[in-house]
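A.B. asks: In this note's numbering, the protein residues as written are 1034 to 1316.
Even for Gly, the Cβ is constructed at its ideal location relative to N, Cα and C.
A single structure is presented below for examination.
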């Protein structure tokens, strides 16, 4: 069995999430490209060479997961597996430091929307700020999910954990949505050219639109942003507009706990300084 056949067999029986599968496959393919043969010395060298890489954590667990699969399918003996496992335990790995959470201000979002020429990205950003929904929930929208609630247009959204919600959108967003769907009505889904949905299709659509957002925001705002900035920005915007009503924002973001919402509402240093500049005291 060659390395590619091994990888495909491994993935076929894997219970990993699709995103993890992709990351693990990349690391294992890289290993076999560099070493051709699986051995303790090669695995040791591969992992140690990756110590300076932010993905060393993923690299280590990709190899470990592959070895577990090989043991379970008797492609590797129990004794050999433990030899690998003991050796891997001794290799430290670097966990990537997460960047400080950021939010996108409404003024910056309006500037981005006004200047982008991509109608799909424009629509995603509009819906994202109106609903504060996760990008995957937005991508799963179907033409039949456009509803009406007490005279206002709304979207029926499928959120994380099988939750559903009816979320109102502004008139400006609906006008753009109507224009977009009129020109793009061949498929069941509004933002994905498909009549069926799967994790793989969703992952590919997310990645494709994420690249467009990074490139567009870099050109217009001077920095690369993510869709999560928009969601967080909507949370902070409504928190301030509702006079710090955390229960309202919790419902908007779809959080189970207000403690999770409070993390979203932490202000960055620049925002704190801007607010403090306007403060005054009688003492």
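(1) Under a Cβ-count criterion, where at least 16 other Cβ atoms within 10 Å of its own Cβ denotes burial, should residue 1228 be classed as buried or exposed?
(2) For the alpha helix (DSSP H) containing residue 1203, name the first residue and the last one.
(3) Would you grab the beta carbon distance between residue 1058 and residue 1044 for me? Rounded to a whole angstrom, and I think it's under 8 Å.
(4) Given a threshold of 16 other Cβ atoms within 10 Å of its Cβ, counted over all protein chains shown, does residue 1305 qualify as buried or as exposed?
(5) Between the Cα of residue 1246 and those of 1293, 1170 and 1150, spot the shortest distance and give me the residue it belongs to.
(6) Quick one: residues in its chain with C-beta nearer than 8 Å to the C-beta of residue 1234, no 5 flanking neighbours on either side, listed in chain order?
(7) Using 8 Å as the threshold, is the stretch 1189-1205 in touch with the stretch 1166-1175, meaning 3 or more CB pairs across them?
(8) Express the C-alpha separation of residue 1068 and residue 1082 in angstroms, rounding to a whole number.
(9) Tell me, please, whether the stretch 1040-1055 touches the stretch 1094-1112 by the rule of three or more beta-carbon pairs shorter than 8 Å.
(10) Three Cβ pairs or more, each shorter than 8 Å: is that satisfied between the stretch 1282-1301 and the stretch 1177-1189?
(11) Rounding to the nearest angstrom, what Cα-Cα distance links residue 1276 and residue 1239 in this structure?
(12) Following a CB-centred definition, is residue 1199 positioned closer than 7 Å to any heavy atom of the ligand MG?
(13) Taking residue 1204 as the reference, give the member of 1184, 1037, 1122 and 1089 with the closest Cα.
(14) Please report the straight-line C-alpha distance between residue 1213 and residue 1152, rounded to a whole angstrom.
(15) Helix, strand or coil: how does DSSP classify residue 1230 here?
(16) Could you compute how far the alpha carbon of residue 1262 sits from the alpha carbon of residue 1161?
(17) Tell me the rounded alpha-carbon separation between residue 1220 and residue 1157.
(18) With burial defined as no fewer than 16 other Cβ atoms inside 10 Å of the residue's Cβ, what is the status of residue 1202: buried or exposed?
(19) Give the straight-line distance between the Cα atoms of residue 1101 and residue 1154, rounded to the nearest whole angstrom.
(20) What does the Cβ neighbour count give for residue 1048, buried or exposed, with the cut at 16 atoms within 10 Å?
(21) Any idea what DSSP makes of residue 1223, helix, strand or coil?
(22) Looking only at its chain, what residues have a beta carbon closer than 6 Å to the beta carbon of residue 1034, apart from the 5 residues adjacent to it on each side?
(23) Taking the Cβ atom as the reference point for each residue, do residue 1097 and residue 1060 lie within a distance shorter than 8 Å?
(24) Can the beta-carbon of residue 1254 be found closer than 8 Å to that of residue 1141?
(25) Output the distance between the C-alpha atoms of residue 1178 and residue 1076, rounded to the nearest integer angstrom.
(26) Do the CB positions of residue 1093 and residue 1080 come within less than 8 Å of each other?
(27) Which term fits residue 1210, buried or exposed, when burial requires 16 or more other beta carbons within 10 angstroms of its beta carbon?
(28) Between 1136, 1116, 1197 and 1095, which lies nearest to residue 1271 when the distance is taken from Cα to Cα?
(29) For residue 1188, does the three-state DSSP call read helix, strand or coil?
(30) Taking C-alpha atoms, which residue in 1138, 1117, 1237 and 1249 lies nearest to residue 1268?
C.D. replies: The answer reads as follows:
(1) Taking the chain shown and counting its residues from 1, one reaches residue 1228 at position 195. By the neighbour-count rule (16 or more Cβ atoms within 10 Å), residue 1228 is not buried but exposed.
(2) On the chain shown, residue 1203 is found 170 positions in, with the first residue counted as 1. Neither: residue 1203 is in no alpha helix (DSSP H) and is coded neither H nor E.
(3) Walking along the chain shown from the start, residue 1058 turns up at place 25. Walking along the chain shown from the start, residue 1044 turns up at place 11. Right, the Cβ-Cβ distance comes to about 6 Å (below 8 Å), so this counts as a contact.
(4) Stepping through the chain shown from its first residue, residue 1305 is reached at position 272. Bear in mind that the predicted position of residue 1305 carries a pLDDT of just 49, short of 50, making it unreliable; the figure below should be weighed with that in mind. Per the 10 Å Cβ criterion, exposed.
(5) Within the chain shown, the letter at position 213 stands for residue 1246. Cα-wise, what sits closest to residue 1246 is 1150.
(6) Residue mapping note: residue 1234 aligns to position 201 of the chain shown, counting from 1. Within the same chain, residue 1234 has close Cβ partners 1225 and 1227.
(7) yes
(8) Position 49 of the chain shown, counted from the first residue, corresponds to residue 1082. Position 35 of the chain shown, counted from the first residue, corresponds to residue 1068. Between residue 1082 and residue 1068, the C-alpha separation is close to 13 Å.
(9) yes
(10) no
(11) Sequence index remark: in the chain shown, residue 1276 carries index 243 (1-based). Sequence index remark: in the chain shown, residue 1239 carries index 206 (1-based). Distance between the alpha carbons of residue 1276 and residue 1239 is about 34 Å.
(12) Absence of the ligand MG is noted for the structure shown, with no ligands found whatsoever.
(13) Mapped onto the chain shown, residue 1204 falls at position 171. Among 1184, 1037, 1122 and 1089, the Cα nearest to that of residue 1204 belongs to 1184.
(14) Translated into the one-based positions of the chain shown, residue 1213 becomes position 180. Translated into the one-based positions of the chain shown, residue 1152 becomes position 119. Each residue's alpha carbon lies about 7 Å from the other.
(15) In the chain shown, the residue the question calls residue 1230 occupies position 197. If DSSP states are grouped into helix, strand and coil, residue 1230 belongs with coil.
(16) What you label residue 1262 is simply residue 229 of the chain shown in a count that begins at 1. What you label residue 1161 is simply residue 128 of the chain shown in a count that begins at 1. When rounded, the distance between both Cα atoms is 10 Å.
(17) As a first step, residue 1220 is located in the chain shown; it is residue number 187 there, counting from the start. As a first step, residue 1157 is located in the chain shown; it is residue number 124 there, counting from the start. Computed Cα separation, rounded: 17 Å.
(18) Here residue 1202 refers to the residue found at position 169 when the chain shown is read from its first residue. Result: buried.
(19) Walking along the chain shown from the start, residue 1101 turns up at place 68. Walking along the chain shown from the start, residue 1154 turns up at place 121. One C-alpha to the other measures close to 41 Å.
(20) Locating residue 1048 in the chain shown gives position 15, counting from the first residue. Exposed, because fewer than 16 other Cβ atoms sit within 10 Å of the Cβ of residue 1048.
(21) Translated into the one-based positions of the chain shown, residue 1223 becomes position 190. Three-state result, residue 1223: coil.
(22) As a working mapping, residue 1034 is identified with position 1 in the chain shown. Nothing meets the Cβ criterion.
(23) If you number the chain shown from 1, residue 1097 lands on position 64. If you number the chain shown from 1, residue 1060 lands on position 27. No. Outside cutoff.
(24) The residue labelled residue 1254 in the question sits at position 221 within the chain shown. The residue labelled residue 1141 in the question sits at position 108 within the chain shown. Yes, the Cβ-Cβ distance between residue 1254 and residue 1141 is below 8 Å.
(25) In the chain shown, residue 1178 corresponds to position 145, counting from 1. In the chain shown, residue 1076 corresponds to position 43, counting from 1. In a straight line, the C-alpha of residue 1178 is about 50 Å away from that of residue 1076.
(26) In the chain shown, the residue the question calls residue 1093 occupies position 60. In the chain shown, the residue the question calls residue 1080 occupies position 47. In contact: residue 1093 and residue 1080 (Cβ atoms closer than 8 Å).
(27) Within the chain shown, numbered from 1, the residue matching residue 1210 stands at position 177. It is buried - the Cβ of residue 1210 has at least 16 other Cβ atoms within 10 Å.
(28) Indexing the chain shown from 1 puts residue 1271 at position 238. Among 1136, 1116, 1197 and 1095, the Cα nearest to that of residue 1271 is on 1136.
(29) To locate residue 1188, count along the chain shown from 1; it is residue 155. Here residue 1188 sits in strand by DSSP.
(30) Working through the chain shown from its first residue, we reach residue 1268 at position 235. Of the candidates 1138, 1117, 1237 and 1249, the one whose C-alpha sits nearest the C-alpha of residue 1268 is 1138.
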